[in-house]
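Below is one structure; the comments refer to it alone.
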Amino acid sequence: MPAKDLLAEYNAKRDFAKTAEPAAKGAARGKGGGNLFVVQKHDATRLHWDLRLEVDGVLKSWAVTKGPSPDPDIKRLAVRTEDHPLSYADFEGVIPKSEYGGGSIMVWDRGTWAPIAGKSAKDIDEGHLHFTLHGERMKGDWLLIRLKPRPGEKRENWLLRKIGDEYAQDGDPLVQRALTSVLTGRSMAEIASAQQGDDPPVGQQNDAFVARMEKASSSNSSPTKSRKAADAPIPKFRKPQLATLVDDVPAGNGWMHEIKFDGYRAIVAAKSADVRIYTRNGKDWTDKFAPLVAALATLDLPSCLIDGEIVATDARGNPDFSALQSVLKRGHGAQGDGDALSFHAFDCLELAGQDLGPLPNIERKERLEALLSQARPPIHVADHVIGAGEKLYDAMCRAGQEGIISKRIDAPYASRRSRNWVKVKCTRRQEFVIVGWKASSAKGRPFASLLLAQHEGGGLIYRGNVGTGFAADDLDDLTARMKRLERKTSPVDVGKTEARGVTWVSPQLVAEIAFAEFTADGRVRHGSFIGLRGDKQASEVAPETSDDPPIPEPVAITSRDRVVFPESGQTKGALADYYATIAPVMLPFAARRPISIVRCPQGRGKKCFFQKHDSGALGDAVRHVPIREKDGGTEDYLYIEDMRGLLQCVQMGTIEFHGWGARTDDVEAPDRMVFDLDPDEGLDFTDVKRAANDIRARLADIGLVSFAMLSGGKGVHVVVPLTPGHGWDAHKDFARRFAEALSIAEPDRFVATMSKAKRKGKIFIDWLRNQRGSTAVLPYSARARAGAPVAVPIAWGELERQDNAHPFSIDDAKRLLDRAQSKSLAGWGFADQALPDV
């Protein structure tokens, strides 16, 4: 088909008297010899990335939701759109909001492309394309696959994914960290303001900086807040779709997979401030979930019906059914200080009077994401992956989650149980000692259940019972074995109710049990008998935990039993073991950086003090760097290079490590900026999380990648890594003006001064850590606070699920080490970016 015909749809959608987009005038050869590709970041009704490949004189185009990922396990929906002219490859600017595709557009990547050997661009017509990209950001082999269309479906859905090669990376670093144009170097905020001839946001006085940031934010945000609710009435309750339990995760690109939350299923009907929450059986429980109702009401939603799950989390941030029941027992939506009630939306059934049920799952999910684009905790949109369900399932099981829900991406919504939605539950397996049995009332069954225990703390601890999973042979064999071991007294401490009707046995038989989880009181939940373990001695059976890591031989830790944290009992030895374990992931941030240490030689309950200089008493691995002082003289400041340095500090009573914003090789060249969000006593942690996300968005608007860290106290640090190349004056000036601009823009939320009197009900944006000689607590440092909490890097997606800024302690060293190597934290704290010109 001639290019002019291919581009007719493009021209028909646009009024070129109103938009600066180039008009299509026919075919033209690209400068790259006919193999141009471009990706344009497009902040329209919802943010997406437009992938465009030059074919036959036009740009074949796909709108990629959430942007391209270099992780082969992450597949992204790519909706085929109209062909664009080659001249569009250089378009960067703002489309008026009233026009088709209104919003800001950035040239996010560009280069050349080619089909792999033996393939051609004609494969697009067959529904697949395997190709290689040579871009500034996207490189290597990629794959586009068209999904099977449903009858009557108008749009063309494809999947985009990376092929595993030397350019593959874990996680989503491209869209998270590539924030500026490859054409002009501008951020989205600069592009949004450029049509009015505005100056860049930095280098301005506060009033200009504020106005500029507010304008950019308004230009790029979704219209949820300002949108008027549709005229349609608030929807009525609809029975939810139910999932079928299966044993295996379905494979293939035809499935999307979500976390299975351990909570209460909820159908939410909303229209503006009118919000109602129904149970799966249609009971109106609006009053029981008042905090969620209030949060949903603030979103000013149009008439809609949303399917989701209400959960409460445990101390580690995992959904916990027991915690949810505790909230409900208090009645009428009352929440205690430790509650973390949240709503995770995963489907949209009605919107503005339209029944979305017949639409494919994937399209309903897209509508839901757009509808709730402005939502903040405790309201969430449940994320999903396409394909790779087995890996998600394994990750959820390792994290102690209940399992996953897998959904056919092209299936409509059905208010019944079907196999278009299936659930795969996690189970755990451990060994337990059999300590007794209860008789069965069923004819022909010798016992109803077995009582279980494990060795812990020098004795046997009761772990509940198991009553399923027995084959006929198991029943006979176990009955005979237990008969020989009967005894009159219980070998474990068990309550009277649980001991009633039990025949006790000597703790010699070892059984392997599959179970969902341990309950809050240490009992197995949903246990199932697997078999006896003849290869295990009963005395060896204990909860599955690995041994503590050995302390390196060169560092002698004395007085290991001295209690450092009196409230929780952790010792000096436990603190040293923590730092020995965590050193591999802590040292990239702590090594070769001037530090101040918090020493508490007699424990945190006694006198503690900061120390930044050293006479040599700390140890030979604690090194010194001479730094010029204000009076012109020099002083030796502390720094470390390795685990020995860490442990020698701990041996001398150190608990905390705080670091400069520069390295020892050039202390005058700062390489990281930290905004410490310090909330007033009366504020909830939800306010802090919202503030951190807002600051992240403002920084992204001006082209800066940032990372979140839980401080281990009560706040969040927003960390901005920077390429050295500017001085401390510029560093401090930018941090000050950024913080002050936010405090002026939203004076009811933020304050940029240390004055306690001015902080009432607000969050102090502490920018003072960004001046020469100031320090901030280092990632993975323990804190000299009750419970031995730890400062922990956190992925932005994880932040929303946190109840407080101190969910981890030095007891979690192995877990923190595993987390640091996960996809969600890949590349945390590192980015190649310079401070914007000031």
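Quick note, the sequence shown lines up with residues 1 to 838 if you use the UniProt record's numbering.
In this text, a Cβ means the ideal position worked out from N, Cα and C, and glycines have one as well.
Specify the secondary structure class of L7 as computed by DSSP and reduced to three states. coil
What number of angstroms, rounded off, separates the C-alpha of Y462 from the C-alpha of A542? 12 Å
Of all Cβ atoms in chain D, is any one closer than 8 Å to the Cβ of S98? Among the chains of the structure shown, chain D does not appear; only one protein chain is present.
Among the candidates F764, V64, G263 and A295, whose CA atom is the shortest distance from the CA of R276? A295
Evaluate contact between the region 757-765 and the region 674-684, counting only Cβ atoms and requiring at least three cross-stretch pairs below 8 Å. yes
Between the CA atoms of E544 and P378 - distance to the nearest angstrom: 34 Å
Using CA coordinates, which residue listed in A700, R177 and D90 is at the minimum distance from E21? D90
Within a Cβ cutoff of 8 Å, which residues of the same chain sit near V705, ignoring the five residues on either side of it in sequence? Q176, R177, L179, L699, V720, P721, A831 and Q833
Going by the CB atoms, is the gap between P789 and P779 shorter than 8 Å? no
Given S104 as reference, the closest of H84, H48 and L133 once Cα atoms are compared: H48
What's the call for H658, buried or exposed, on a 16-neighbour Cβ count within 10 Å? buried
From R150, S711 and K689, residue whose alpha carbon lies closest to that of A411: R150
G727 and P173: beta carbons closer than 8 Å? no
Using 8 Å as the Cβ pair cut-off and three pairs as the minimum, do the region 402-411 and the region 430-440 touch? no
Does DSSP put H726 in a helix, a strand or coil? coil
Take G252 as the anchor and find which of Q374, Q401, T479 and G389 has the nearest alpha-carbon. G389
With DSSP as the reference, please indicate the residues paired to E798 in a beta bridge. In DSSP, E798 forms no bridge with anything.
Beta-bridge pairing of S539 - partner residues as DSSP gives them: None; S539 has no bridge partner.
Can you list, in chain order, the residues of its chain whose CB lies under 8 Å from that of D71, leaving out five sequence neighbours each side? K162, A168, Q169, D170, G171, D172 and K823
Once DSSP output is grouped into helix, strand and coil, what is the label at V585? helix
Quick check: the Cα distance between G457 and I404, rounded to an integer number of angstroms? 35 Å
DSSP on Y393, reduced to helix/strand/coil? helix
Among all the DSSP beta bridges, which residues are the ones paired with F518? V524
At what residue ranges does the region 561-636 contain a whole run of the beta strand (DSSP E), taking only runs of 3 or more? 563-565, 595-599, 609-611 and 622-628
Should H613 go down as buried or exposed, given a rule of 16 or more other Cβ atoms within 10 Å for buried? exposed
Alpha carbon to alpha carbon, how far is R419 from G495? Give it in angstroms, no decimals. 43 Å
Determine the direct distance from the alpha carbon of T112 to that of D123, and round the result to whole angstroms. 18 Å
Look up D287 in the DSSP assignment and say whether it is helix, strand or coil. helix
Beta-carbon separation (whole angstroms), V55 vs A192, contact threshold 8 Å: That pair is no contact at about 31 Å.
Specify the secondary structure class of I695 as computed by DSSP and reduced to three states. helix
For C304, which residues does DSSP report across the bridge? A270 and L351
Using DSSP with H/G/I as helix, E/B as strand and the rest coil, what is K760? coil
Any idea if V422 is buried or exposed, counting beta-carbon neighbours within 10 angstroms, 16 or more meaning buried? buried
Ignoring anything shorter than 3 residues or poking outside the region 439-488, list the beta strand (DSSP E) runs there in chain order. 449-456 and 459-466
Would R593 pass as a contact of T664 if the rule is Cβ separation under 8 Å? yes
Which partner residues of P789 appear in the DSSP bridge assignment? S809
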